[in-house]
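Undergrad: The structure that follows is given in the form of structure tokens.
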Amino acid sequence: MHNTLLQFLLLLTVAFLLILLARRLKIAYPIFLVLAGLIISNIPGMPVINIEPDLVFLIFLPPLLYEAAWWTSWNEFWKWKRPISLLAFGLVFLTSSVVAYTVSSFIPGFTLATGFLLGGIISPPDAIAATSVLKSIRVPKRIITILEGESLVNDASSLTVFRFALATAIAGHFSFQDASVSFVTVTIMGIVIGLAVAHVIYLIHRFLPTTASIDSAFTLVAPYLMYLAAEEFHFSGVMAVVSGGLFLSYRSHEIFVDGQSRLQTLNVWSTISIILNGLVFIMIGLGLPGIVAGLEGYSLMQASVYGLLVSALVIAIRMAWIYPATFVPRWLFKSLRLKEPPPGWKGPFVIGWAGMRGVVSLAAALSLPLTVTDGQPLPERNLIIFITFVVILVTLVFQGLTLPWIIKLLNIQEVDVMIPIEQQEAEIRIRLTKAAIDRLEHDYKQDLANNTLLAALRDEYESNLNNTSQKLECMECAQNGKRELAVYRRVIKDIYKAQRKELYLLRKYKLFSDDAIRKEEMQIDISEMRVDTLQ
Numbered sequence: 001m002h003n004t005l006l007q008f009l010l011l012l013t014v015a016f017l018l019i020l021l022a023r024r025l026k027i028a029y030p031i032f033l034v035l036a037g038l039i040i041s042n043i044p045g046m047p048v049i050n051i052e053p054d055l056v057f058l059i060f061l062p063p064l065l066y067e068a069a070w071w072t073s074w075n076e077f078w079k080w081k082r083p084i085s086l087l088a089f090g091l092v093f094l095t096s097s098v099v100a101y102t103v104s105s106f107i108p109g110f111t112l113a114t115g116f117l118l119g120g121i122i123s124p125p126d127a128i129a130a131t132s133v134l135k136s137i138r139v140p141k142r143i144i145t146i147l148e149g150e151s152l153v154n155d156a157s158s159l160t161v162f163r164f165a166l167a168t169a170i171a172g173h174f175s176f177q178d179a180s181v182s183f184v185t186v187t188i189m190g191i192v193i194g195l196a197v198a199h200v201i202y203l204i205h206r207f208l209p210t211t212a213s214i215d216s217a218f219t220l221v222a223p224y225l226m227y228l229a230a231e232e233f234h235f236s237g238v239m240a241v242v243s244g245g246l247f248l249s250y251r252s253h254e255i256f257v258d259g260q261s262r263l264q265t266l267n268v269w270s271t272i273s274i275i276l277n278g279l280v281f282i283m284i285g286l287g288l289p290g291i292v293a294g295l296e297g298y299s300l301m302q303a304s305v306y307g308l309l310v311s312a313l314v315i316a317i318r319m320a321w322i323y324p325a326t327f328v329p330r331w332l333f334k335s336l337r338l339k340e341p342p343p344g345w346k347g348p349f350v351i352g353w354a355g356m357r358g359v360v361s362l363a364a365a366l367s368l369p370l371t372v373t374d375g376q377p378l379p380e381r382n383l384i385i386f387i388t389f390v391v392i393l394v395t396l397v398f399q400g401l402t403l404p405w406i407i408k409l410l411n412i413q414e415v416d417v418m419i420p421i422e423q424q425e426a427e428i429r430i431r432l433t434k435a436a437i438d439r440l441e442h443d444y445k446q447d448l449a450n451n452t453l454l455a456a457l458r459d460e461y462e463s464n465l466n467n468t469s470q471k472l473e474c475m476e477c478a479q480n481g482k483r484e485l486a487v488y489r490r491v492i493k494d495i496y497k498a499q500r501k502e503l504y505l506l507r508k509y510k511l512f513s514d515d516a517i518r519k520e521e522m523q524i525d526i527s528e529m530r531v532d533t534l535q
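full-length UniProt numbering puts the sequence shown at residues 1 to 535.
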């Protein structure tokens, strides 16, 4: 027990140090962790990393899916819903089908069921791997939005394919009609259960006297509650987490009524995300020797060739799909040509090349059971896992390292018609300042006449829209009485409440992007926390 805990802590420490080194070297940390894991795994005396398959989905997937759902911008998601849907559903099912029929025809021992099992595992790209590469390069916002939206939805669609293929491989028979009915049932009921659990959590946040720590704790247990509740009734835990996370994200302005809760939760999830992703990507590299040792009936060379061929296949499928998915709808519907600017060929190429596999594929592969219902080994389990590892390595390292070079070479220009983010932020600040001044002048006229702090606050709002932080620093050293300070604290918190209401309306009526609104919301949260420290 102590040795296992020590190994876990050492693995975490190594992962954190490697992430720091990757940032220093300006390399996307998922790529760096995988390569470092491969090197470390070949050090003599290094223990083989083995993970309990049944725990992989439960430990890693719920929080990763929940975080992705939480940070999804619904305005941006809805704007690019067509390309996201075509990638998340059409491409996933196409990739799964082509991989299934191809590998079952040239790999001995592979049936159509095991082919779909492999196809479901390797069909979803990993947004974390792609966006970690894109963060250091200036690319149009639409590309990142499409990749993140695709990842959120295709995790659910690909894992559903995976679950059905796994059930078929275990049971030994397949009925398309039964599978179709079951697919719709488990998906819809998974969404229903996720929304139900999320609503209960929302009511707890909203109406019980919670604290910032309790709010943060509830967000940690929420994805596990949604996942386990759905899985208990044999419905889609993945869809439950995604739908529940989206619901709570949409209601976040009501859940976190003060800045401390929001900022503390943000910090907690930032830590959880780096821990889980760091562990998963380094385990990709560390786990490969154990998978190689488990290969039976295939030489390492033969299995590697299969892995490279499948890797080339999934890259080719994505590149072949991306252009018809981009241009055919525009050719068919004139309204799209009138409403949307021409996408060009460069943006779709980058989206097609950014199909790196990662966390979800690894988790799905490692969760494969060892045996089927009659106690026999699951057919081709080790080869499926090995091919998955090769696909992850090839797409993550080869595509990941070449993606920045391709983007710089193409010199993609933004085609979005949305106002630049900096301009949006400036306009939001103007609206927030007006909301603050209106609240002061309409609700606190008498206090303004008698309280020098409030009068100074109004003057500052009117003279300098971006000087709130400086004002609060001055207030910390002001020599005013406790009574005026108490009134000031009460009024400024009410002003922040008015500004949050204004942000809610801006989000509701889709006047600005969620990214710009979130930045201003965070500024309000920080300002409110500094007010709480005034003595």
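Quick reminder that beta carbons are idealized off the backbone N, C-alpha and C, glycines included. Bear in mind that the values here come from a model prediction, so they are computed numbers and not experimental data.
If you draw a straight line from the alpha carbon of D525 to that of L338, how long is it in whole angstroms?
TA: One Cα belongs to D525, the other to L338, and the distance between them is close to 41 angstroms.
Undergrad: Report the CB separation of V241 from G194 in whole angstroms; it is logged as a contact under 8 angstroms.
TA: With a Cβ gap of about 6 angstroms, V241 and G194 count as contacting.
Undergrad: Does the distance from the C-beta atom of A222 to that of G244 stay below 8 angstroms?
TA: yes
Undergrad: Give the straight-line distance between the Cα atoms of A212 and A69, rounded to the nearest whole angstrom.
TA: A212 and A69 have their alpha carbons spaced roughly 21 angstroms apart.
Undergrad: Taking its Cβ as the centre, do 16 or more other Cβ atoms sit within 10 Å of E441, making it buried, or is it exposed?
TA: exposed
Undergrad: Give the secondary structure of P377 by DSSP, where H, G and I count as helix, E and B as strand, and everything else as coil.
TA: It is a strand residue.
Undergrad: In three-state terms, what does DSSP make of T371?
TA: strand
Undergrad: Could you give the first and the last residue of the continuous alpha helix (DSSP H) run that contains P404?
TA: G400 to L410
Undergrad: Should G285 and V34 be called a contact, given that it needs their Cβ atoms to be closer than 8 angstroms?
TA: yes
Undergrad: Rounded to a whole number of angstroms, what is the C-alpha to C-alpha distance between A325 and E150?
TA: 13 angstroms
Undergrad: Under three-state DSSP, which class holds F60?
TA: helix
Undergrad: So what's D525 in DSSP terms, helix, strand or just coil?
TA: helix
Undergrad: Return the chain-ordered ranges of every alpha helix (DSSP H) run that is complete within the region 124–202 and spans a minimum of 4 residues.
TA: As far as the region 124–202 is concerned, its whole alpha helix (DSSP H) runs of at least 4 residues are 127–134 and 141–171.
Undergrad: Determine the extent of the alpha helix (DSSP H) in which F77 is found, giving its start and end residues.
TA: W74 to K79
Undergrad: Determine the direct distance from the alpha carbon of R489 to that of Y250, and round the result to whole angstroms.
TA: 29 angstroms
Undergrad: Could you round the C-beta distance between Y496 and E528 to whole angstroms and report it? I think they count as a contact, below 8 angstroms.
TA: 5 angstroms
Undergrad: Let me know if S105 comes out buried or exposed under the rule of 16 or more other beta-carbons within 10 Å of its beta-carbon.
TA: By the neighbour-count rule (16 or more Cβ atoms within 10 Å), S105 is not buried but exposed.
Undergrad: Excluding five sequence neighbours on each side, which residues of the same chain lie with their C-beta closer than 6 angstroms to the C-beta of A478?
TA: Any reading at A478 must be qualified, since the residue scores a pLDDT of 48, below 50, and its modelled position is unreliable; no value is offered.
Undergrad: DSSP three-state call for M46: helix, strand or coil?
TA: coil
Undergrad: Start and end of the alpha helix (DSSP H) containing residue 583?
TA: This structure cannot settle anything about residue 583, because the visible part of the chain is limited to 1 through 535.
Undergrad: L203 to L266, Cα distance in whole Å?
TA: 20 angstroms
Undergrad: Just curious, the alpha helix (DSSP H) that Y461 is in, first and last residue?
TA: T452 to S463
Undergrad: Should V192 and M226 be called a contact, given that it needs their Cβ atoms to be closer than 8 angstroms?
TA: no
Undergrad: Could you check the C-alpha separation between K261 and L309 for me, to the nearest Å?
TA: Checking the sequence, you will find Ser at residue 261 rather than Lys. Rounded to whole angstroms, S261 and L309 show a C-alpha spacing of 49 angstroms.
Undergrad: Compare the Cα-Cα distances from F512 to each of D447, A354, R431 and Q7 and report the closest residue.
TA: R431
Undergrad: Excluding five sequence neighbours on each side, which residues of the same chain lie with their C-beta closer than 7 angstroms to the C-beta of S273?
TA: If we look at S273 and ignore the five residues flanking it on each side, its Cβ neighbours are E67.
Undergrad: When the Cα atoms are used, what is the spatial distance from A113 to G119?
TA: 10 angstroms
Undergrad: Using the three-state DSSP reduction, which class does Y444 fall into: helix, strand or coil?
TA: coil
Undergrad: Spatial neighbours of L246 within its chain, please: CB distance less than 6 angstroms, with the 5 preceding and 5 following residues excluded, ordered by chain position.
TA: A69
Undergrad: I'd like the span of the alpha helix (DSSP H) that includes A320, first residue to last.
TA: L300 to L332
Undergrad: Relative to the alpha-carbon of I351, which residue among K26, L403, G237 and V184 has its alpha-carbon at the smallest distance?
TA: L403
Undergrad: Is the beta carbon of A455 less than 8 angstroms from the beta carbon of L448?
TA: Yes, these two residues count as a Cβ contact at 8 angstroms.
Undergrad: Could you say if the region 315–330 and the region 363–378 meet the contact criterion of at least three C-beta pairs nearer than 8 angstroms?
TA: no
Undergrad: I need the boundaries of the alpha helix (DSSP H) containing W353, first residue and last residue.
TA: K346 to W353
Undergrad: With DSSP collapsed to three states, give me the class of residue 538.
TA: The chain is shown from 1 up to 535; residue 538 falls before or after that span and cannot be answered.
Undergrad: How far does the alpha helix (DSSP H) with Y29 in it reach, from first residue to last?
TA: Looking at the DSSP string, the run of the alpha helix (DSSP H) that includes Y29 is Y29 to S41.
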